[in-house]
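Participant: Taken in order, these protein sequences are the chains called A and B.
Heads up: the first sequence begins at 1223 in this note's numbering, then just goes up one per residue.
Heads up: the second sequence begins at 35 in this note's numbering, then just goes up one per residue.
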Amino acid sequence: MALLEVSKLEAFYGQTQVLRGLSFKLEEGSVTTILGANGAGKTTTLRAICGMVRTSGDVLFGGRAVGGKATETIVRHGIAHVPEGRGTFVRLSAEQNLRLGAYARRDAAGVEEDLERVYGYFPRLKERKGQQAGTLSGGEQQMLAVGRALMMRPRLMLLDEPSFGLAPLLTEELFHILGTISRERQVSMLVVEQNASLALGIADHAYLLETGRIVMSGSAEQIGKDESVRKAYLGY
Amino acid sequence: MDLFLQQTFAGLAFGGIYALVALAVVMIYQATDHLNFAQGEMAMFSTYIAYTLLHHGIPYWWVFLLAMAISFVGGVLVERIVVRPVEGTGVLNEVIVFIGLLVIFNSMAGWIWDYTIKPFPSPFPKHVPFGITFIGPHDFGVIGVTLVVLAAVFLFFRFTPVGLAMRAAAQNPASARLVGIRVGWMLALGWGLAAAIGAVAGMMVAPIVFLEPNMMGGILLYGFAGALLGGISNPVGAVIGGFIVGVLENLVGTYVPFIGSELKLSVALVLIVAVLVFRPSGLFGYVVVKRV
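#1: Can you give the Cα-Cα distance for residue 1443 of chain A and residue 1379 of chain A, rounded to whole angstroms?
#2: Where are the alpha helix (DSSP H) runs, 4 residues long or more, that stay fully inside the segment 1314-1345 of chain A, in chain order?
#3: Any beta carbon of chain B sitting closer than 8 Å to that of residue 1311 of chain A?
#4: Would residue 316 of chain B and residue 276 of chain B qualify as a contact pair, given that the criterion is a beta-carbon distance under 8 Å?
#5: Tell me the DSSP secondary structure of residue 1233 of chain A in three-state form.
#6: Return the Cβ separation of residue 241 of chain B and residue 156 of chain B in integer angstroms, given the expectation that the two are a contact with Cβ distance under 8 Å.
#7: For residue 216 of chain B, decide whether its Cβ has a neighbour in chain A, counting only Cβ atoms nearer than 8 Å.
#8: Note down the Cα distance separating residue 1319 of chain A from residue 1304 of chain A, rounded to an integer number of angstroms.
#9: Below 8 Å between beta carbons: does that hold for residue 1435 of chain A and residue 1242 of chain A?
#10: Since residue 1199 of chain A contacts residue 1417 of chain A with CB under 8 Å, what's their CB separation in whole angstroms?
#11: Going by other Cβ atoms of all chains shown within 10 Å of its Cβ, with 16 needed for buried, is residue 1264 of chain A buried or exposed?
#12: Does chain A have any CB closer than 8 Å to the CB of residue 269 of chain B?
#13: Please report whether the beta-carbon of residue 1411 of chain A lies at a distance below 8 Å from any beta-carbon of chain B.
#14: Which first and last residues belong to the beta strand (DSSP E) in which residue 1428 of chain A is found?
#15: According to DSSP, is residue 1280 of chain A part of a helix, a strand, or is it coil?
#16: In the DSSP output, what is residue 1304 of chain A paired with across the bridge?
#17: Output yes or no for whether 8 Å exceeds the beta carbon distance between residue 1432 of chain A and residue 1383 of chain A.
#18: Just the Cα atoms here: how many angstroms apart are residue 260 of chain B and residue 298 of chain B?
#19: Does chain B have any CB closer than 8 Å to the CB of residue 1316 of chain A?
#20: Name the DSSP bridge partner or partners of residue 328 of chain B?
#21: Look at the alpha carbon of residue 326 of chain B and the alpha carbon of residue 274 of chain B, and state the distance between them as a whole number of angstroms.
#22: So, helix, strand or coil for residue 168 of chain B, using DSSP?
#23: When burial is assigned at 16 or more other CB atoms within 10 Å of the CB, is residue 1336 of chain A buried or exposed?
#24: Does any C-beta atom of chain A lie closer than 8 Å to the C-beta of residue 211 of chain B?
#25: For a minimum of 4 consecutive residues, which ranges assigned as the alpha helix (DSSP H) are wholly contained in the segment 180-249 of chain B?
#26: Beta-carbon separation of residue 1310 of chain A and residue 1366 of chain A under 8 Å?
#27: Compare the C-beta of residue 313 of chain B with all C-beta atoms of chain A and state if any pair is closer than 8 Å.
#28: Measure the alpha-carbon distance for residue 192 of chain B versus residue 1239 of chain A and round it to whole angstroms.
#29: Rounded to the nearest angstrom, what separates residue 201 of chain B and residue 218 of chain B at their Cα positions?
#30: Would you call the CB atoms of residue 101 of chain B and residue 77 of chain B closer than 8 Å?
#31: Which of helix, strand or coil does DSSP assign to residue 37 of chain B?
#32: Would you mind reading off the limits of the alpha helix (DSSP H) that contains residue 1254 of chain A?
#33: Hey, residue 262 of chain B and residue 303 of chain B are a contact pair by Cβ (cut 8 Å); roughly how many whole angstroms apart?
#34: For residue 1246 of chain A, count the other beta carbons within 10 Å of its own beta carbon; 16 or more makes it buried, fewer makes it exposed. Which is it?
#35: From the beta carbon of residue 208 of chain B, is the nearest beta carbon of chain A less than 8 Å away?
#36: What is the residue span of the alpha helix (DSSP H) that residue 1405 of chain A lies within?
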C-alpha cells in the first residue's frame, strides 16, 4: 500500500483554484519529486497535503484520511513539512527550534538521541545551538528547518525548495545529507525543487506539474531522459 | 532622604502592580498584536470574586490561589467564546470586542456587588521584618508577591515545553502548527495566564485603592505606560517599565509641587505620548536581528 495517496485534490486561495484534480501516490521509503514551472502549484501541493490551504478531494496518509483536517492534527500522524522560507522561530535559540520539532513526542530518550543525530548531520548547528536562530545564515537556517523536521521522527518529509538561497556547494551538501537520511532512516520524501537535476538525482520517482495538473509521471530516470523535460527544466 | 526612600519604595510597590498589569497586557499583545483594553476590568472582577470567597470564610492564601485559578479558567473561556470568533476579522472588530468586554465586566461587577466602595484586606503582617522603617508592611508584601509571580512566569516560559510552545506560537503561528502545536489553544492559554496575573494585581492593589468597579481604570493606564516604556514587544522590558513608571509617578507627585496627587495620572499620559513620539519600540523593545 502506498504511504501517501492523493486523489482528485483541488486547492483554492480565495476564489482562485490552484490545483485542478491532482492524483498521485508515494511509496513508503521512496523519494519523489514534483517538477514544474513557477506557479504550477508545487508549493500548493505540499501545503494542501498539510491542510494549510482550503482543499477538496482525498488525501490518504498511511491508509488514514487526513484531507480537510487541521494542520496540527495532520502533522502529528508523521508528516514533517520543511516550508518555503524555512519557518524559523527567529527569537528562539537554534536548539530550542530543534526541540520544538519534537513538541508532539513523548519519548524523551528518543528525542535526545535524535537531537544528537541531527547535530551529527549538521555539525554547524551544534556550534550555534545557543545562538538566536534569526541570526543564523540562510544556509544554517535551512539546515535548522530540515533538522526540526527530523526531530519529529516523521514517516514522510515534505521539502519545499530546500536549495533556495543556498550557495551551490552547500546545496550539494544538503542534498547529499537528504539522500543519506532517506536511506538510513527510511524516511519517505516529497521534494519540490527549482533545481530539477538535483531533485532528480536523489529521487526514485518524479511527477511533472503544469497549471495545477499532473502532465507526466514516471521513474526519475525516465523523466530525466525525456527531451521536453530536459529542454524546459534541465536546460540542455 | 527618608522621604525620598519612602517614596521610592512606595513607588516600587505600585510599580510591581503596574508591572503585573503590563505583563498581562504584553502577553496577549505578543500573541495577537492587540492591546486588551479589558485587562483591568477583568482583574477588578477577579478581585470581587476573591472578595466573595473571603466572605465565605476561606483563608486568604487559599482565596488568593482560588481567585487565580478561577481567573485563569475565565480568561480561557473569554478567549474561546468571545474573542475567537472575531480573530483576524480586522483591528476595529477586535478593539470593539475588547471595549465591549470592558463595559460588560464593569457593569456586571456593579450589578452583582453594587457600586459602593468596599474594604479589601491586606494579607501581610502589621510589621515589616528586619526593622526596616522606610517601607510600609503592605508595600513590602506587594513587592515580594510581585517578584514571586514574575519569577514563576519567567521560569514557566523559559523552562517548560508548554511555555516554549506558547512563545513559538506567538512568534510564528504557521511554523508552530507544522510541528503540531495547537496554536488556538496556546492563545487561550495566554489569555488564561494574563487573567490570572491580572487577578494578582487586583488583589494587591485593592487594599490600597479600595474595591469598586472602577478601581483598575488608572492602574491599567499606568500598566500601558509601563508596557510602552519598557517595550511592548518584550515582556522583561514591560515589567521593568512598570517598575519605572511606579517610582517615577510617586517621585514626581512628591517633588513637583504643581502636580501633587491630583495630576499624577497625567504623568502616565505624558509618558505614553512621549514614548510613542520619541521611541516607539520602548527602552528595551525587541530589535530582531535578521539575516537573509
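Using N, Cα and C, we set each Cβ at its ideal position, and we do this for glycine too.
No experiment lies behind these values; they were computed from the predicted model shown.
Facilitator: For this structure:
#1: 21 Å
#2: Considered as a whole, the segment 1314-1345 of chain A harbours 1316-1323, 1330-1343 as its complete alpha helix (DSSP H) runs of no fewer than 4 residues, in chain order.
#3: yes
#4: Between residue 316 of chain B and residue 276 of chain B, the C-beta spacing is not below 8 Å.
#5: strand
#6: 4 Å
#7: yes
#8: Roughly 13 Å between the two C-alpha positions.
#9: yes
#10: In this structure chain A extends from 1223 to 1458, so residue 1199 of chain A is not present and cannot be described.
#11: buried
#12: no
#13: no
#14: 1427-1432
#15: For residue 1280 of chain A, the three-state secondary structure derived from DSSP is strand.
#16: A:1381
#17: no
#18: So the alpha carbons of these two residues sit roughly 14 Å apart.
#19: no
#20: It is not possible to answer for residue 328 of chain B, since the shown part of chain B is limited to 35 through 326.
#21: At residue 326 of chain B the pLDDT is 47, less than 50, meaning the model places this residue with poor confidence; the figure from the coordinates comes in the next sentence. Between residue 326 of chain B and residue 274 of chain B, the C-alpha separation is close to 32 Å.
#22: If DSSP states are grouped into helix, strand and coil, residue 168 of chain B belongs with coil.
#23: buried
#24: Cβ-Cβ to chain A under 8 Å: yes for residue 211 of chain B.
#25: With a minimum length of 4 residues, the continuous alpha helix (DSSP H) runs that stay inside the segment 180-249 of chain B are 195-205, 207-212, 217-243.
#26: yes
#27: For residue 313 of chain B, the answer is no, since every Cβ of chain A falls outside 8 Å of its Cβ.
#28: So the alpha carbons of these two residues sit roughly 43 Å apart.
#29: Going by the C-alpha atoms only, they are around 13 Å apart.
#30: no
#31: helix
#32: Careful: residue 1254 of chain A lies outside any alpha helix (DSSP H), inside the beta strand (DSSP E) at 1253-1258.
#33: The pair is not a contact, with the Cβ atoms about 11 Å apart (cut-off 8 Å).
#34: buried
#35: yes
#36: 1390-1407
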